[in-house]
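*Asks:* Numbering (my numbering), first residue to last: 60 to 203. Ideal Cβ placement from N, Cα and C applies to all residues, glycine included.
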Amino acid sequence: MAPTAQRVDPLTSFNFLVTMNGLTRAAFQECTGFSSSIDLIEHREGGAPYPAKLAGLTKYGNVVLRRGITDDLELYEWHLAAVNGDIQRRNGSIVLLDRKGEEKARWNFFDAWPQRWEGPALNSENSDIAIETFELAVERLERA
Numbered sequence: 060m061a062p063t064a065q066r067v068d069p070l071t072s073f074n075f076l077v078t079m080n081g082l083t084r085a086a087f088q089e090c091t092g093f094s095s096s097i098d099l100i101e102h103r104e105g106g107a108p109y110p111a112k113l114a115g116l117t118k119y120g121n122v123v124l125r126r127g128i129t130d131d132l133e134l135y136e137w138h139l140a141a142v143n144g145d146i147q148r149r150n151g152s153i154v155l156l157d158r159k160g161e162e163k164a165r166w167n168f169f170d171a172w173p174q175r176w177e178g179p180a181l182n183s184e185n186s187d188i189a190i191e192t193f194e195l196a197v198e199r200l201e202r203a
């Protein structure tokens, strides 16, 4: 009898947490933007009829965190310090958990600082949760 392959289901995106400087941060509704790309440099060598394609700088996308507003001002005060010229860089992780709450994937980011903060869209005609957005500029990102 042939051996049977073990089924591996893809992970769901709703169960994650964010840590910064070793501390688990408040629950976030959404975390997006973690990406990387390599600039393409085209270089023509001698009389070659086509350019050689070389790797340039690696760039990392900003990590965007969205959460319901609470009375916790730590992230906003971190952004306010940056607005006032005091850039405080932090390392952190985005951790994807399975249904049992066990870690299954991790992305580590390095030297992040809050480049942008966006307050909630307020509307007296609905009862949606007030969401604030933090956009973190990161120097480097890696899957661990």
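DSSP three-state label for Y119, please.
*Replies:* To locate residue 119, count along the sequence shown from 1; it is residue 60. Y119 falls in the strand class under three-state DSSP.
*Asks:* Out of R175, I190, W176, which one is the CA nearest neighbour of N182?
*Replies:* Numbered from 1 along the sequence shown, position 123 holds the residue referred to as residue 182. Of R175, I190, W176, the residue nearest in Cα terms is I190.
*Asks:* Where does the unbroken beta strand (DSSP E) through A164 begin, and where does it stop?
*Replies:* Against the sequence shown, residue 164 aligns to sequence position 105. 162–177 is the span of the beta strand (DSSP E), which, as asked, contains A164.
*Asks:* For E198, collect the residues of the same chain with a Cβ closer than 6 Å to its Cβ; drop the 5 residues on either side in sequence, then sort them by chain order.
*Replies:* The count along the sequence shown starts at 1 and reaches residue 198 at position 139. Excluding residues within five positions, the ones whose Cβ falls inside 6 Å are F169, D170.
*Asks:* Helix or strand or just coil, what does DSSP make of A141?
*Replies:* Residue mapping note: residue 141 aligns to position 82 of the sequence shown, counting from 1. A141 falls in the helix class under three-state DSSP.
*Asks:* Compute the Euclidean distance between the alpha carbons of E177 and N143, then round it to the nearest angstrom.
*Replies:* Position 118 of the sequence shown, counted from the start, is the residue given in the question as residue 177. Position 84 of the sequence shown, counted from the start, is the residue given in the question as residue 143. Those two C-alpha atoms are separated by around 17 Å.
*Asks:* Going along the chain, which residues of its own chain have a beta-carbon closer than 7 Å to the beta-carbon of A140, five neighbours each way excluded?
*Replies:* Position 81 of the sequence shown, counted from the start, is the residue given in the question as residue 140. Counting only Cβ-Cβ distances below 7 Å, and skipping sequence neighbours, we find Q147.
*Asks:* With a threshold of 8 Å on Cβ separation, who are the neighbours of I100 within its own chain once the five nearest residues in sequence on each side are excluded?
*Replies:* By one-based count along the sequence shown, residue 100 stands at place 41. Within the same chain, I100 has close Cβ partners K112, L113, A114, G115.
*Asks:* DSSP three-state call for L200: helix, strand or coil?
*Replies:* Locating residue 200 in the sequence shown gives position 141, where the first residue counts as 1. In this structure, L200 counts as strand in the three-state DSSP scheme.
*Asks:* Does the segment 124–135 come close enough to the segment 94–109 to have 3 or more Cβ pairs within less than 8 Å?
*Replies:* Not touching, per the Cβ criterion.
*Asks:* Once the 5 residues before and after T83 are set aside, which same chain residues still bring their CB inside 6 Å of it?
*Replies:* The residue labelled residue 83 in the question sits at position 24 within the sequence shown. Within the same chain, T83 has close Cβ partners L76.
*Asks:* Give the straight-line distance between the Cα atoms of T91 and Y119, rounded to the nearest whole angstrom.
*Replies:* Walking along the sequence shown from the start, residue 91 turns up at place 32. Walking along the sequence shown from the start, residue 119 turns up at place 60. One C-alpha to the other measures close to 12 Å.
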